[in-house]
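Residue numbers (my numbering): -14 to 522. The beta carbon of each residue, even a glycine, is placed where N, CA and C say it ideally should be. Being a predicted model, the structure only gives us computed values, none of them experimental. Since the structure comes first, as structure tokens, the remarks are kept for the end.
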């Protein structure tokens, strides 16, 4: 949907007072996708006018998050462009020029009312039936000459917008909400520049959007109340009002505004938990927009081809992390071994690190509770945390140096991963050498269960695995073991579960014989022998 023949120019304008949160990321995605779908321009602008909370570190965090998501911008920091600078703190001269234009046109006037005076008037007005109706325009009637004299004398003042007295309802077009109309009597003469010389958000953002030629403003509906005020500023500046698209809120599963109580809230947390950027972009795009109401897998390239404002809904969206996990799993299954190895490098290195550090021989560990497992996952969410730099770099380098070995792991886990951070737990056993870490619950339920015949099962499999006449081939070895088990009267589960526990340490692992092909045959046999000696002797 467009209301102008001009080339589309949209912007994402985060404030560097914190990290890039999920709601902001969705806004960025919509702006980016709309620009790409229309052949337009996507601008990144940093609104850093909060001096106490805006930091260069936060700016870099936002830029890194945008880059990780693949949301490349056409104009903005590190890119430049014809409408720079792209930091509000560097654009004060443009706000001064715009204010001077309004002053000369009689559309802005100085107000000398002190904060104490205004607070007293507000308190008095709130006692009446009508309540507070905004600034009463006391200073609007001051003659220009008198106002100029008071300013020259150094009297503190702000500059306010002179809302036209004969103005009808404030109206604007919204791609989501339709034609909007707000009564003019609720619009007081808002402040444009404060006493300390700084400019207000509503004024600065309109000046920036005008000077940057923004044609469409796509943002959260928490800005909807600002829009009629901004429309009045556009009109006062004689500028064309852009088409707005106000996006509904993202809610948690409990129907409340998404916050830290629902889990991760910023992009970097999802990156560190092992989500793929393509999956996160796909997921966030569907929180308030749809292609056809049915399609769920929409890769970024397809999103850039099909995105349109008329498919955005007014209904609040629910952030369902289970659906995100499912979607991430789909992308993992479709990405291929080489791309997976590259994306999963930190977690593959972590699997190497976790596996290489086990004690020699047998280690038994109690099965963790759900709470303990969650705490452990949170503690190791960022791969390499707490590891000395030299060791960590060596593990990372190994993933590149032995690419074939690591890529061979992909088919073992591709169907079993929802996130990349699950890799260490599933693959660390490949790096144990001749040692094994036994899960206590698996030992009791599989190896020591009455009537399980686990020791016999391990002996049968060991004989097959150590026979030099048998090829070290997954399919052949599995069939030979199966046949030997049938001859001994052992069902496949009773035969293979003990072998799985002896080699992988627990009852749940990737395909057993395929995994064994990535291991040294001597280590496989050594683990079986160690488990037999430890558990049954």
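Quick one: residues in its chain with C-beta nearer than 6 Å to the C-beta of residue 184, no 5 flanking neighbours on either side, listed in chain order? 80 and 178.
Can you tell me which of 239, 86 and 128 puts its alpha carbon nearest to the alpha carbon of residue 221? Here the closest residue by C-alpha is 86.
Backbone CA spacing between residue 260 and residue 78 [nearest angstrom]: Roughly 42 Å separates the two Cα atoms.
Quick check on residue 469 - is its C-beta less than 8 Å from some C-beta in chain C? This model lacks chain C altogether, as it is built from one protein chain only.
Using CA atoms only, rank isn't needed, just tell me which of 423, 376 and 475 is closest to residue 353. Of 423, 376 and 475, the smallest CA-CA separation from residue 353 is found for 423.
Rounded C-alpha distance that separates residue 283 from residue 275: Cα to Cα, residue 283 sits roughly 10 Å from residue 275.
On the DSSP letters alone, give me the boundaries of the alpha helix (DSSP H) that residue 514 sits inside. Start and end: 506 to 520.
How is residue 341 classed by DSSP in three states: helix, strand or coil? Residue 341: helix per DSSP, three-state reduction.
Taking Cβ to Cβ, would you say residue 390 is nearer than 8 Å to residue 503? Taking a C-beta distance under 8 Å as the contact criterion, residue 390 and residue 503 qualify as a contact pair.
Label residue 337 either buried or exposed according to how many other C-beta atoms from any shown protein chain fall within 10 Å of its C-beta, with 16 as the threshold for buried. Flag for residue 337 reads buried.
Residues near residue 438 by beta carbon distance below 8 Å, same chain, minus five either side: The beta carbon of residue 438 lies closer than 8 Å to those of 475 and 479 in the same chain, with the five residues before and after it left out.
First and last residue of the beta strand (DSSP E) that includes residue 94? That run of the beta strand (DSSP E) goes 93 to 96.
Cβ neighbour criterion (16 or more within 10 Å) applied to residue 144: When all chains shown are included, residue 144 counts as buried.
Through-space distance from residue 22 to residue 14, alpha-carbon basis: When rounded, the separation of the alpha-carbon atoms in residue 14 and residue 22 is 12 Å.
Give the straight-line distance between the Cα atoms of residue 198 and residue 113, rounded to the nearest whole angstrom. About 44 Å.
If you check the beta carbons only, do residue 262 and residue 17 fall under 8 Å apart? Contact: no.
DSSP three-state call for residue 230: helix, strand or coil? The DSSP-derived three-state label of residue 230 is strand.
Quick check: the Cα distance between residue 147 and residue 35, rounded to an integer number of angstroms? A straight-line Cα-Cα distance of about 26 Å links residue 147 and residue 35.
Check whether residue 232 and residue 204 have beta carbons under 8 Å apart: The answer is yes: Cβ separation under 8 Å.
Helix, strand or coil for residue 398, going by three-state DSSP, please let me know. Helix.
Are the CB atoms of residue 129 and residue 174 within a distance shorter than 8 Å? Cβ distance not < 8 Å, so residue 174 and residue 129 don't count as in contact.
Backbone secondary structure at residue -13 - three-state DSSP: Only weak support exists for where residue -13 lies, its pLDDT of 46 falling under 50; the value from the coordinates is given anyway. It is coil, neither helix nor strand.
Taking the Cβ atom as the reference point for each residue, do residue 396 and residue 339 lie within a distance shorter than 8 Å? Going by C-beta atoms, residue 396 is not nearer than 8 Å to residue 339.
Nearest-angstrom Cα distance between residue 219 and residue 309? Pairing residue 219 with residue 309, the inter-Cα distance amounts to about 40 Å.
What residue range is occupied by the uninterrupted alpha helix (DSSP H) comprising residue 481? Unbroken alpha helix (DSSP H) run through residue 481: 477 to 489.
Quick one, which of 32, 301 and 506 has its alpha-carbon nearest residue 238's? Ranking 32, 301 and 506 by Cα distance to residue 238 puts 301 first.
Measuring CB to CB, does residue -1 end up less than 8 Å from residue 9? The Cβ atoms of residue -1 and residue 9 sit closer than 8 Å to each other.
If you count every other CB in all the chains shown that lies within 10 Å of the CB of residue 512, and 16 or more means buried, which is it? It is buried - the Cβ of residue 512 has at least 16 other Cβ atoms within 10 Å.
Helix, strand or coil at residue 427 [DSSP, three-state]: Looking at residue 427 - three-state DSSP - the assignment turns out to be helix.
Run through the DSSP bridge pairs and tell me what residue 242 is partnered with. Among the bridge pairs identified by DSSP, residue 242 is matched with 236.
So which of 330, 57, 392 and 522 has the shortest CA-CA distance to residue 405? Cα-wise, what sits closest to residue 405 is 330.
With DSSP as the reference, please indicate the residues paired to residue 163 in a beta bridge. BP columns for residue 163 point to 159.
Closest by C-alpha distance to residue 501, when choosing among 242, 63 and 458: Its Cα nearest to that of residue 501, the residue 458 stands out among 242, 63 and 458.
Could you give the distance in angstroms between the alpha-carbon of residue 41 and the alpha-carbon of residue 425? Rounded to the nearest angstrom, the two C-alpha atoms are 49 Å apart.
Does the distance from the CB of residue 524 to the CB of residue 235 come in under 8 Å? The displayed coordinates of the chain run from -14 to 522. Any statement about residue 524 would go beyond what the structure contains.
Burial state of residue 213 (16 or more Cβ within 10 Å): Residue environment analysis places residue 213 among the buried positions, since at least 16 neighbouring C-beta atoms fall within 10 angstroms of its C-beta.
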